[in-house]
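Novice:
Numbering (our numbering), first residue to last: 40 to 264.
#1: Contact between the stretch 75–92 and the stretch 181–190 is defined here as three or more beta-carbon pairs at a separation below 8 Å; is this criterion met?
#2: With a Cβ-Cβ cutoff of 8 Å, do residue 102 and residue 135 count as a contact?
#3: Assign residue 103 to one of three DSSP states: helix, strand, or coil.
#4: Is the Cβ-Cβ distance between residue 173 and residue 105 less than 8 Å?
#5: May I have the straight-line CA-CA distance separating residue 179 from residue 189, to the nearest angstrom?
#6: Measure the C-alpha to C-alpha separation of residue 208 and residue 217 and round it to an integer number of angstroms.
#7: Exposed or buried, which one is residue 121 when buried takes at least 16 other CB atoms within 10 Å?
#8: Quick one: give me the first and last residue of the beta strand (DSSP E) that residue 134 is part of.
#9: Beta carbon of residue 176, beta carbon of residue 131: below 8 Å?
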């Protein structure tokens, strides 16, 4: 009896440690890639071909950066769907998927997210580097003229359950009201969560001129090579 009780306590301790370790890990800032140069918010950006292909003239664009293997990406999917439903008539949405999977597997990973938006497969992390995003879940929002309006976190809570810190929602509300970005705390822009996979990076790559990302027009379309 004593041995069984001890074993159960040990199992509980192991499970508890695993949950604590995961919460602690994702509460720390993500490591910044060496040599990354982030464009300043307010900068007018030259769009890479894959992003220009999904951004319609006269409309802002939200880029949702996702890593299918990151628990934090899975936790905020409902929140992203709600944002797309709320603002989709005024703002275009696209998922920027960074994954180590091959294109066929990446297509399945995106379909499993059930997000109502097109997807860009960011081979080589070129789009992430271009806009300065290196962790997930994060969003980058471009205004209608291609200016970087916001780059940062969805929420201070990894489950996106704190309405007072729905940073992306607050940014979108101001954007569609033609207002400047509201003053947000530093935790809105410090990168937390999972580092995005750094795939086949080259310091000589110029995502504005050379973009090998593949684009899906909808979850049912095939990945273009």
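Built from N, CA and C at the ideal position, the CB exists for glycine as well. Predicted model only: the values in this text are computed from it and were never measured.
Specialist: Checking against the coordinates, here is how it stands:
#1: yes
#2: yes
#3: strand
#4: no
#5: 6 Å
#6: 14 Å
#7: exposed
#8: 131–136
#9: no
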